[in-house]
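Okay, structure first, notes after.
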Amino acid sequence: MMMRIGVLIIVLALTGKCWSQPKLTQLWVSDTILKTPESVVFDGAGKRLLVSCMHNNLTEKKSTGTIASIDLEGKPISMVWSTTLNSPKGMLLVNDFVFVTDINEVVAIDGRNGTILKRVTVDGAVFLNDIAVAEDGMIYVSDTRTGRIYKIEQLKASLYTEGLKNPNGLLCLGKDLYVLANGNLIKYDEKRQATVLATGMEASTDGLIMVNKKDFLVSCWSGVIYYVTAEGKVTQLLDVRNEKINTADIGFDFKKKIVYVPNFYKNTVTAYQLTF
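Each residue of the sequence shown is one higher than the last, beginning at 94 in my numbering.
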């Protein structure tokens with residue numbers, strides 16, 4: 094009898110665990126008003142989303158790139174909130190400032206009105222992609238084409254590490270830097286020692302966000318989103334590759350657990366509710 098009770102407890106525990114698996118539920122899709130959206134930043138104070146729009150331009154300096162502003166339901170506020178960019182990709186919102194990668198530059202923008210304040214050239218960079226900031230104010234940017242990570246301190250860029258394959262998504266937590274590279278999640282400690290935390294994801298790993306105090310959400314440009322635990326367990330939550338929908342550099346409302354996904358060539362942003 095005691096053995097049966099023990100087995101029942103185990104079964105119930107496993108069942109409860111299954112029910113608590115993370116899930117994404119679609120909330121809305123914006124109209125096709127965004128020109129090749131690559132990255133989304135959630136601005137809770139401004140009750141808006143900022144979206145970097147590449148205008149179908151990956152690497153050319155055409156000054157056609159923009160940052161659009163839409164509301165939290167995907168409706169337009171300003172499609173040209175900030176202009177005269179080239180191929181804006183990863184973005185970062187810090188207080189009243191927006192930082193965006195733009196081919197071989199990091200551009201600082203006034204978060205109140207979209208005015209460009211400063212451009213920092215990263216020598217040797219050719220395809221700057223994601224961007225993150227550490228607690229000490231250090232900014233990190235990835236160059237997917239050269240396999241490098243750069244750091245920017247006091248408006249000067251220098252090499253942080255190199256030799257990575259397709260580095261993209263970045264996240265700073267404490268003194269550690271987390272990097273997505275070719276389907277892997279890697280952590281660099283304060284001594285720049287690398288530890289691979291998770292593997293086996295689709296190779297086009299793109300956006301990286303922390304969804305609670307220990308777990309991550311990873312988007313892949315090809316159309317896949319994963320949930321990654323602190324222990325490195327990878328669970329696929331979304332796969333829209335058959336529909337030819339991209340899932341690029343995601344934004345996140347930490348309080349409401351809403352994920353905002355730029356769909357690149359579909360010219361839309363899709364919002365999903367994340368549940369655990």
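Built from N, CA and C at the ideal position, the CB exists for glycine as well.
(message) At the level of alpha carbons, what is the spacing between residue 283 and residue 269?
(response) 6 Å
(message) For a test of the three-state rule: what should DSSP assign to residue 347, helix, strand or coil?
(response) coil
(request) Please go through the same chain and pick out, in chain order, the residues whose beta-carbon is closer than 6 Å to the beta-carbon of residue 231, but skip the five residues on each side of it. (result) 244, 246
(request) Give the DSSP-derived three-state secondary structure of residue 220 in the structure shown. (result) coil
(message) Tell me the DSSP secondary structure of residue 357 in three-state form.
(response) helix
(request) May I ask you to verify whether the region 131-144 touches the region 172-186, counting CB pairs closer than 8 Å and requiring at least 3? (result) yes
(request) Starting from residue 52, follow the beta strand (DSSP E) in both directions and report where the run begins and ends. (result) Because residue 52 is not part of the residues shown, which for the chain are 94 to 369, the question remains open.
(message) Using 7 Å as the threshold, is the C-beta distance between residue 360 and residue 176 below it?
(response) no
(message) Rounding to the nearest angstrom, what Cα-Cα distance links residue 298 and residue 277 in this structure?
(response) 8 Å
(request) Compute the Euclidean distance between the alpha carbons of residue 344 and residue 162, then round it to the nearest angstrom. (result) 13 Å
(message) Per DSSP, what are the beta-bridge partners of residue 271 in this structure?
(response) 264, 280
(request) Quick one: using the 10 Å Cβ neighbour count with 16 as the cut-off for buried, is residue 325 buried or exposed? (result) exposed
(request) Specify the secondary structure class of residue 369 as computed by DSSP and reduced to three states. (result) coil
(request) Look at the Cβ atom of residue 342, then the Cβ atom of residue 153, and state whether they are nearer than 7 Å. (result) no
(message) Could you tell me the alpha carbon to alpha carbon distance between residue 128 and residue 304, rounded to whole angstroms?
(response) 28 Å
(request) Assign residue 98 to one of two classes, buried (16 or more other C-beta atoms within 10 Å of its C-beta) or exposed (fewer than that). (result) Low confidence applies here, because residue 98 scores a pLDDT of 47, under 50, leaving its location unreliable; read the following figure in that light. When all chains shown are included, residue 98 counts as exposed.
(request) For residue 260, count neighbouring C-beta atoms within 10 Å of its own C-beta (all shown protein chains included) and say buried if the count is 16 or more, exposed if not. (result) buried
(message) Tell me whether residue 169, by its Cβ, gets closer than 6 Å to a heavy atom of the ligand SAM.
(response) The ligand SAM is not part of this structure, which contains no ligands at all.
(message) Between 327, 255, 207, which has its C-alpha nearest residue 293's C-alpha?
(response) 327
(message) According to DSSP, simplified to helix, strand and coil, what is residue 154?
(response) coil
(message) I need the boundaries of the beta strand (DSSP E) containing residue 174, first residue and last residue.
(response) 169-178
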